[in-house]
Structures are given as structure tokens and as C-alpha cells.
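Going by numbering that gives the first Met the number 0, the first residue of the sequence shown is number 0, and it counts up by one from there.
Structure, as C-alpha cells:
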Amino acid sequence: MKLQRYLTPTAAPVSWLDLMRGGWGLFQGRRARESREREFAQYFGVKYVFALSSGKAALTTILQVLAAVSPRRKVIVPAYTCFSVPSAILRAGCDVVPCDVDPETLDYRFPDLEALVSGDILCIVSPHLLGHAADILRTKGIACRFEIPVVEDAAQAMGGAEESRWLGTQADIGFFSLGRGKNVTAGSGGVILTNSDSLGLALAQQCKQIPEASWISQVQALIEAVAMAILIRPSLYWLPAGLPFLGLGETKFELDFPLYRLDGMRASLLASWQARLEASNTERLRHGQDMLNILEASLGRLGPTRGEVTVYLRVPVILPSAEMKARICDVSAASGLGVSGLYPSPISEIPALRSTCGTGQFPGAQVLADRMVTCPVHHYVTHQDIMNIADALQGVVVDKDRFTGKPSALSADPAPATKMKV
Numbered sequence: 000m001k002l003q004r005y006l007t008p009t010a011a012p013v014s015w016l017d018l019m020r021g022g023w024g025l026f027q028g029r030r031a032r033e034s035r036e037r038e039f040a041q042y043f044g045v046k047y048v049f050a051l052s053s054g055k056a057a058l059t060t061i062l063q064v065l066a067a068v069s070p071r072r073k074v075i076v077p078a079y080t081c082f083s084v085p086s087a088i089l090r091a092g093c094d095v096v097p098c099d100v101d102p103e104t105l106d107y108r109f110p111d112l113e114a115l116v117s118g119d120i121l122c123i124v125s126p127h128l129l130g131h132a133a134d135i136l137r138t139k140g141i142a143c144r145f146e147i148p149v150v151e152d153a154a155q156a157m158g159g160a161e162e163s164r165w166l167g168t169q170a171d172i173g174f175f176s177l178g179r180g181k182n183v184t185a186g187s188g189g190v191i192l193t194n195s196d197s198l199g200l201a202l203a204q205q206c207k208q209i210p211e212a213s214w215i216s217q218v219q220a221l222i223e224a225v226a227m228a229i230l231i232r233p234s235l236y237w238l239p240a241g242l243p244f245l246g247l248g249e250t251k252f253e254l255d256f257p258l259y260r261l262d263g264m265r266a267s268l269l270a271s272w273q274a275r276l277e278a279s280n281t282e283r284l285r286h287g288q289d290m291l292n293i294l295e296a297s298l299g300r301l302g303p304t305r306g307e308v309t310v311y312l313r314v315p316v317i318l319p320s321a322e323m324k325a326r327i328c329d330v331s332a333a334s335g336l337g338v339s340g341l342y343p344s345p346i347s348e349i350p351a352l353r354s355t356c357g358t359g360q361f362p363g364a365q366v367l368a369d370r371m372v373t374c375p376v377h378h379y380v381t382h383q384d385i386m387n388i389a390d391a392l393q394g395v396v397v398d399k400d401r402f403t404g405k406p407s408a409l410s411a412d413p414a415p416a417t418k419m420k421v
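Structure, rendered in C-alpha cells:
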């Protein structure tokens, strides 16, 4: 890997003052966490907030609480979603039920969702993929026929809003992620939010049983946060990006992940979370609009449907073919553009899920796996970066292959083999 400006696909900067606060947090323990929980509750206008070690830990805890009062064990999720979602479902002792998605909306294919709901569904998980708002009200309307709760996965959408309501607060219960590269980061972390008294009280009891992170693990996390704050900068990211053993960008399916309360170090690292979140999302909104305007002017609309006020974690672009996706990813890797794929396959292809997911086909999910790339819009992206990304995409999508209509799930061509760890 040559020394050059190199963008990460996504990034959430952490200042030296934040890191110093994190160091002080090693001695704060639960007091720092409880302060952050009160701040989250006030900011997002909810009654109950619980901060845990990751978004996966948050979803696992939610499912454990729901399963404790119901014999149902099946959980409907999009067939194209973060692999952390099915790993949390299995960790909670539940079964994964994939539902196909619409590449035009990045949301459920609702006729398929209607066909799947039944009296043995524990809940429906509805993610805001890349910050693109899902239709939570429509999902709730389908779910209510069988009194199925909806879990709002706002892991990639913290601080986003739809019709004056925060994403993450529109369903029965929701959660955020505080992982690396999210809208705001603590290195890792997850936040559960709900206005339901019954769920809030049950979660309070469940969280009492969740252990605290060790002091040594907090010191290790602080060291990692310092390294992240330094190496995430475009002037230095070429170094970790050129070390294959770090596995940067790999999608992993893991069941043995830590499940703790949010520790004092990470909670203190979040002392300025509100200002950081608002600054991050302002930049993401501006960069996202610039990116889409420039891409549409040069290439036409490369679906999905554009959200005018969407705070994109990364801007999605659906290319005409899997070959073009592979080509632009190669160009990006060589030039440090930060353009990359998202998840390598529908979740039904994860080996641990094949026996339960059966042989069902998910053409919409396959389109996203085969042909979608994402473009960075974070703090370190400049207008020149956006122009360079647009030029690279224009060089790959030649005139005769321009694609301005709705992507057809049925015409998806196979993707080249993609490395996937399980």
C-alpha cells in the first residue's frame, strides 16, 4: 500500500479531550453511564434508556426480554442486513426469518412481509439501512394484526429524523450503535430506547443481571480508541488499510461477542456526544446532498430513491452489474477513495443459518449484495474527494451502461466471490 491520502468508508472523529475524558472514566464506573443514559433519555424524549457494550448486545437484550414473556421465538429481519443482527437473534435463543427487501427503498418488500407475519412471530426488526429511513408505520400496521412488537434498528441512524420524530423512537422499542464509524462513537456501545412502561421495567430487571466490563478491558479499549483517533485520518489510514491481517472492512458473523453494561471509560468518552453527533450529522447531510447532486448530474440516478433530508452513514449507489461493482472497488482501493461494498451476501447464505433459512431466494437482497457500493460522507471527506469519487464512478459506468431506472431484482447477475468470515 503506497503512502497517499486514503479515506475510510466511514468515520466518527474523537478529539484528544474526549480521549482524556475516557481516561478519567476508568475511575467513574456506573456514574458516567447513568449520566449518559439520562442525557439520551432527555435528548430523544423517551422514558427508558439502557446503555450496553454494543449494538449486538442491545438487540440481544431486547430479544431476551421479549422472549421471556412469550412462547414465540421467530424473528423477522431483512434478508440483507448487518450480520450482527442474526448473530444477536441466535445469541438470544431465537430463530431468524429472512424477508426480502426492495432495492428501491432499502426497506422490506412489504407483500413478502405480509405473507410472513403469523401468530408465532416474536417480533419484526426494522433497520434504517445506512441512515435511509424505513417505513416504520407501515411495518407496525402489518405487525399489529398479530400483536407483534416492532424493534427499530437505528444502529446506523442515530440523530436522524422522519416527520419530526427521531429514528429509533418510532417503534415499540429501538436501539442505536456507538461503534466505530457510526454517527457518534465510543469505540463500541449500544443504546436501548423505549417509552413502553412494561418493556422499560422488564429491561431494568434484565440489565441488573448483565455484568460490568473489567477494568483491564476498559484500558485496552482506551488504547484502541487512541489508535483509532490517530489512524483514521486520511493522511495515515493507508497504513492500517495496507495490513490484511487487521481484517478491515471484513464482515464477520460471531456468536461469542461481549455482553456487558456500557463501562465508565466509554461512557466518559461520550461526554460531548451531543455536540459531536450534531456536528457529524450536519456534515453527513451536506456531503450526502453534494454527493448525490454530483452523481446524478454525471450519471443519472443510480437508485435507491433519494431521501432529501437523509443523514446517510454512507451514500448507497446501485450499479448496473456486479462486474462494475468489483471494478469500482478495485479503483477505490488503489486510489484511497473509501468506496466499498456493504455486506457480502444475503444473511440466508451465512452457513450457521442455512439449515433454518432453507433454500428461499431473496432477489432484492441479492441485488444489494451483488451491485451496491457505498460512498463516504463523513467528517474527513472534502469536495475534491466527492469529485474524485464521481469521476471514478463515471469511468466505470460507461455511456452505454448508464442506469437511471429502478434496479431489477430479477436481473441481478452473480457477484464475484467475496471473502466472508463466519
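Using N, Cα and C, we set each Cβ at its ideal position, and we do this for glycine too.
Keep in mind it's a predicted model, so treat the numbers as computed, not measured.
- R305 sits in coil when the DSSP states are folded into three classes, being neither helix nor strand.
- 8 Å or more divides the Cβ of I231 from the Cβ of L198.
- Uninterrupted alpha helix (DSSP H) stretches at least 4 residues long and entirely within the region 196 to 223 occur at 196 to 207, given in chain order.
- DSSP, reduced to helix, strand and coil, places G173 within a strand of the structure shown.
- Excluding five sequence positions before and after A156, the CB atoms of its chain that fall closer than 6 Å to its own CB belong to H127, G130, L166, given in chain order.
- With fewer than 16 neighbouring CB atoms inside 10 Å of its own CB, H382 falls in the exposed class.
- Taken through DSSP and simplified to helix, strand or coil, K73 comes out as strand.
- As computed with DSSP, L269 is found in no beta bridge at all.
- For the pair I215 and L261, the Cα-to-Cα distance works out to about 14 Å.
- F174 and L202 do not touch by the CB rule: their CB atoms are close to 11 Å apart, not below 8 Å.
- Between the alpha carbons of A212 and D17 lies a distance of about 20 Å.
- Contact annotation: V376 and M323 have beta-carbon atoms that are not nearer than 8 Å.
- If you ignore the 5 residues before and after I349, its C-beta comes within less than 7 Å of the C-beta of F82, P85, F252, V421, all in its own chain and listed in chain order.
- Counting along the chain, M371 sits inside the beta strand (DSSP E) bounded by residues 371 to 375.
- Following the DSSP letters along the chain, one finds R313 inside the beta strand (DSSP E) bounded by residues 313 to 317.
- Scanning L51, R305, P233, P148 for the CA closest to the CA of Q208 turns up L51.
- Straight-line spacing of the CA atoms in G287 and I293 works out to 10 Å.
- In this structure, L121 keeps its C-beta atom at 8 Å or more from the C-beta atom of C143.
- With a threshold of 16 other beta carbon atoms within 10 Å, D329 falls short and is exposed.
- In the DSSP assignment, E348 forms no beta bridge with any residue.
- About 4 Å separates the CB atoms of Y5 and W237; that is less than 8 Å, so the two are in contact.
- Taking all protein chains shown into account, Q63 has 16 or more neighbouring C-beta atoms within 10 Å of its C-beta and is therefore buried.
- Cβ neighbours of V183 within its own chain (closer than 7 Å, five residues either side excluded): A11, M157, L177, W272, R275, L276, S279.
- Using a 10 angstroms sphere on the CB of I222, the tally of other CB atoms stays under 16, which defines it as exposed.
- Here the C-alpha atom of A296 lies approximately 43 Å from the C-alpha atom of A351.
- Straight-line measurement puts the Cα of G189 at about 6 Å from the Cα of A57.
- 8 Å or more divides the Cβ of G302 from the Cβ of P8.
- Rounded to the nearest whole angstrom, the C-alpha separation of Y107 and Y259 is 31 Å.
- Judged by DSSP in its simplified three-state form, A31 adopts helix.
- For F49, the uninterrupted beta strand (DSSP E) segment begins and ends at 47 to 51.
- The C-beta distance from A66 to R72 rounds to 7 Å, short enough to meet the 8 Å contact threshold.
- With a threshold of 16 other beta carbon atoms within 10 Å, I147 meets it and is buried.
- In the structure shown, S163 adopts coil according to DSSP, grouped into three states.
- Residue pairing from DSSP places D94 in a beta bridge opposite K73.
- In the three-state DSSP reduction, T138 falls in the helix class (H, G or I).
- By the neighbour-count criterion, in which a residue is buried when 16 or more other Cβ atoms sit within 10 angstroms of its Cβ, P315 is buried.
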